[in-house]
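Enquirer:
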Amino acid sequence: MTISRTERLFSYAILVLFAAAALYPVLLILSTALSPDRIGDTGGLHFGNLADAWTQGRFGSYMRTSAIVAVLVVGLSALFSIMAGYAFGTMRFRGSEVIFYVILLGIMVPAEALVVALYFDLRSVGLTNTLVAIVMPQVAQSVAFGTFWMRAYFRSSSREVVEAARLDGAGHWRTLWRVLVPMGRPAITTMLVLIFMWTWNEFLIPLVMATSENLRTAPLGLAFFQGQYTAGTALLAAGATLVALPVVIVYLFLQRHFIRGMVEGAVK
Amino acid sequence: MERTQPARAGAGETHGEPATGRRAAKRRGGPPGEPRKLAYLYILPALLVFVLFIGWPLFRSATFSLYEWDGLGSSTWVGLSNYSAVFSDPALRGAFIHALVLIVFYAVVPVSLGLMLAATMMRAGRMRGLGVFRVLIFLPQVVPMVVVAIAWRQIYEPTGPLNSVLRAVGLDGLARPWLGDYTWALPAVGLVGTWVGTGLCFVLFLAGMAKIPRELYEAARLDGARARQEFFSITLPAVRGELAVALTLTIIAALKTFDLVYVMTSGGPGRQTAVPSFEVYRHAFLIGEVGTATALALVLTAIVFVVTVLVNRIGAERGQR
């Protein structure tokens, strides 16, 4: 298709404008995080602020909690979703349609409708302020999505490959883990990446469930931290940088999966 | 991007059951696809967490919503009066009105911008470096909302970048503490939603438009179609499906705004930026009105369901080709 030079230049100008707008707040935080914190400090990049936030701001501890929560949520939801998706995608059993649609409805239930009741019920059995209370509700929400996602993959997987595996004497369990899961790496990676991002960024569930400081996840720790500091201080921005860093790094390396997950998952 | 993405519901349900190979049926356990009890074992863990952490809490929310309870003492049965409070209490009604305003900023503006941007790129044909721009423009979707809130708080500070720019260009009169301003706090929060949502819409529409056969445009141009005609007669009808998805995701995001308000304004000044999710949290955990909180949460859930179904139905109907 041929278009004029000016139109092409105009298109680039618009792209640059939008990219700049998307980047500006991120770069603002980054530059504030690396700016001199104390009066009398000289110019240059102050990476020491990140270290200060890590220790003084206790972000090291918040990040550790977040990492544990993320590993548990991603691991459990992936396992449960792959198993359920396998059953819904390749087996026929009574009630499969109804059960699947009920789980699908679960994707729509906002966390707001769950946390209040969940908090008081878990409190009465002494489970608030535990990893269980922070992890399991997120596993449930992720499994609702993951089951939907994996079912779509298993339905599209080749029948011939499964038959071949069976003729080689592989049982249903081995067929799943030795044949279908390795073949489905792209789909599974996309699911893992999305669940990781949702879990790392989750705010409401840990806010309600973690009542003591040692169970605060990174975003939660950051929110409490900013309550004590005015906006624009280097230490606060350094904390924000640390909290955003893991997701942004994963995004930069696996951006195809993030974008594909959104586009395919939504339109499929 | 939120974990609860309703647009995924109801999608991709058209495949028929794959034919089962009879040949292998004699194998141990039979092939997948045969009726079997085993499937229940496979779905058991998923079903169990689902029932325990979504089904049961939902049922309990419904129960709580019929009582007046401060979270500690004894509770009193009040029937449906918590629900009538949701619709009659001016403060709670205000929260829903604020959510409506946010929908303009979260959904209407990003969808329009995303359409415009994607259409411009498609018209330009193969553009070098589009991939890189796509990654950058999508970035706001992955940054934790709390970090986003902190960045924008800094931008809106009385002495922050926004006011500095306004003063530098001689618009001192417009400079103000944005988040403390009764009129401007809500639009200021909304603008952040625009910033977050635009990249998502852009990427969705770009993917949708990439599937349009190039010949359609060439034929249209031979017929002398202008950019505007091209857009309304070819591009827009072709991305109706993506449009429905983008609208659902962004409207739900607007309705469920919580992190942003919690960190940026706590609902203030006054209750100018109070939104439904924040009111759920405030009633349940700050002012001890658990019944009102759960009633409000369930009304919000119902709205989310209705919006999802409506938007997708409209998208599906018009999307028939």
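Chains as they are written, first to last, in UniProt numbering: chain A, 1 to 268; chain B, 1 to 321. Quick reminder that beta carbons are idealized off the backbone N, C-alpha and C, glycines included.
With a threshold of 8 Å between beta-carbons, can E213 (chain A) be considered close to chain B, or not?
Expert: no
Enquirer: Per DSSP, T76 (chain B) forms a beta bridge with which residues?
Expert: B:E68
Enquirer: Measuring CB to CB, does G288 (chain B) end up less than 8 Å from G71 (chain B)?
Expert: yes
Enquirer: So with Cβ pairs under 8 Å, would you call I150 (chain B) a contact of chain A?
Expert: yes
Enquirer: Going by alpha carbons, who is nearest to L47 (chain B) out of A:M63, A:G44, A:Y24 and A:I82?
Expert: A:I82
Enquirer: For R28 (chain B), which residues in the same chain have their Cβ closer than 7 Å to its Cβ, ignoring the five residues on either side in sequence?
Expert: Annotation note: pLDDT 45 at R28 (chain B) (below 50); position unreliable, no value reported.
Enquirer: Evaluate S112 (chain B) with the Cβ neighbour count: other Cβ atoms within 10 Å of its Cβ, from every protein chain shown; 16 or more gives buried, anything less gives exposed.
Expert: exposed
Enquirer: Using a C-beta cutoff of 8 Å, does A22 (chain A) count as contacting chain B?
Expert: Contacts with chain B at 8 Å (Cβ-Cβ) include A22 (chain A).
Enquirer: So is E160 (chain A) buried or exposed if we call it buried at 16+ other beta carbons inside 10 Å?
Expert: exposed
Enquirer: Among A:G60, A:R155, A:V263 and A:Y86, whose alpha-carbon lies nearest the alpha-carbon of L245 (chain A)?
Expert: A:G60
Enquirer: What residues of chain A sit near T301 (chain B), judged by a beta carbon separation below 9 Å?
Expert: Taking a Cβ-Cβ threshold of 9 Å, the residues of chain A close to T301 (chain B) are M108, V109, P110, E112 and A113, in chain order.
Enquirer: How is the alpha helix (DSSP H) around G14 (chain A) delimited, first residue to last?
Expert: Per the sequence presented here, residue 14 (chain A) reads as Ile, with Gly not at that position. Taken as a continuous stretch (DSSP letters only), the alpha helix (DSSP H) holding I14 (chain A) covers R5 to A33.
Enquirer: Identify whether F100 (chain A) lies in helix, strand or coil by the three-state DSSP scheme.
Expert: For F100 (chain A), the secondary structure class from DSSP, reduced to helix, strand or coil, is helix.
Enquirer: Would you verify that the beta carbon of M136 (chain A) is, or is not, closer than 8 Å to some beta carbon of chain B?
Expert: yes
Enquirer: Leaving out five residues before and five after V311 (chain B) in sequence, what residues of the same chain have Cβ atoms less than 6 Å from its Cβ?
Expert: A244, L247 and T248, listed in sequence order.
Enquirer: My output table needs one value for P110 (chain A): the three-state DSSP class, helix, strand or coil.
Expert: coil
Enquirer: Can you tell me whether residue 374 (chain B) is buried or exposed, with buried defined as 16 or more other CB within 10 angstroms of its CB?
Expert: Absent from the structure is residue 374 (chain B), since the part of chain B shown begins at 1 and ends at 321.
Enquirer: At least one CB of chain A closer than 8 Å to the CB of F96 (chain B): is that the case?
Expert: no
Enquirer: Only counting the same chain, and skipping five residues up and downstream in sequence, which positions put a Cβ closer than 7 Å to that of I155 (chain B)?
Expert: In the same chain as I155 (chain B), and ignoring 5 residues on each side of it, the C-beta atoms closer than 7 Å to its own belong to P161 and L162, in chain order.
Enquirer: Could you check whether the Cβ of H172 (chain A) sits closer than 8 Å to any Cβ belonging to chain B?
Expert: yes
Enquirer: Can you name the residues of chain A whose CB is closer than 7 Å to the CB of M209 (chain B)?
Expert: For M209 (chain B), no chain A residue has a C-beta closer than 7 Å to its own C-beta; the minimum C-beta separation is roughly 12 Å.
Enquirer: Taking 8 Å as the limit between beta carbons, can you name the residues of its chain near E112 (chain A), skipping five residues before and five after?
Expert: L204
Enquirer: Buried or exposed, going by whether 16 or more other CB atoms sit within 10 Å of the CB of P219 (chain A)?
Expert: buried
Enquirer: For H98 (chain B), does the three-state DSSP call read helix, strand or coil?
Expert: helix
Enquirer: Enumerate in chain order the residues of its own chain whose CB-to-CB distance from V86 (chain B) is below 6 Å, with the five nearest sequence positions on each side excluded.
Expert: Around V86 (chain B): L92, A295, L296 and V299.
Enquirer: Is the segment 67-81 of chain B close to the segment 128-136 of chain A, with three or more CB pairs under 8 Å?
Expert: no
Enquirer: Can you tell me the Cβ-Cβ gap for I54 (chain B) and A140 (chain A), rounded? I've got them flagged as a contact below 8 Å.
Expert: 5 Å
Enquirer: Give a yes or no on whether the C-beta atoms belonging to V263 (chain B) and A149 (chain B) are separated by under 8 Å.
Expert: yes
Enquirer: Suppose the cutoff is 6 Å on Cβ atoms and the five residues either side in sequence are ignored; what does the same chain contact list for T147 (chain A) look like?
Expert: Excluding residues up to 5 positions away in sequence, S81, A84, G85 and I103 lie with their Cβ nearer than 6 Å to the Cβ of T147 (chain A) in the same chain.
Enquirer: Just mark I259 (chain A) as buried or exposed, buried being the case when its beta carbon has 16 or more other beta carbons within 10 Å.
Expert: By the C-beta density criterion, I259 (chain A) is buried, having at least 16 other C-beta atoms within 10 angstroms.
Enquirer: Starting from Y153 (chain A), trace the alpha helix (DSSP H) both ways and give me its first and last residue.
Expert: L131 to S156
Enquirer: For Y229 (chain A), which residues in the same chain have their Cβ closer than 6 Å to its Cβ, ignoring the five residues on either side in sequence?
Expert: L236
Enquirer: For chain A, find out if any of its Cβ atoms is closer than 8 Å to the Cβ of R93 (chain B); answer yes or no.
Expert: Closer than 8 Å: no.
Enquirer: Give every residue of the same chain whose Cβ lies closer than 8 Å to the Cβ of N201 (chain A), excluding the five residues on either side of it in the sequence, and list them in chain order.
Expert: Cβ within range, chain order: P219 and V247.
Enquirer: For T308 (chain B), which residues in chain A fall below 9 Å Cβ to Cβ?
Expert: The answer, in chain order, is M108.
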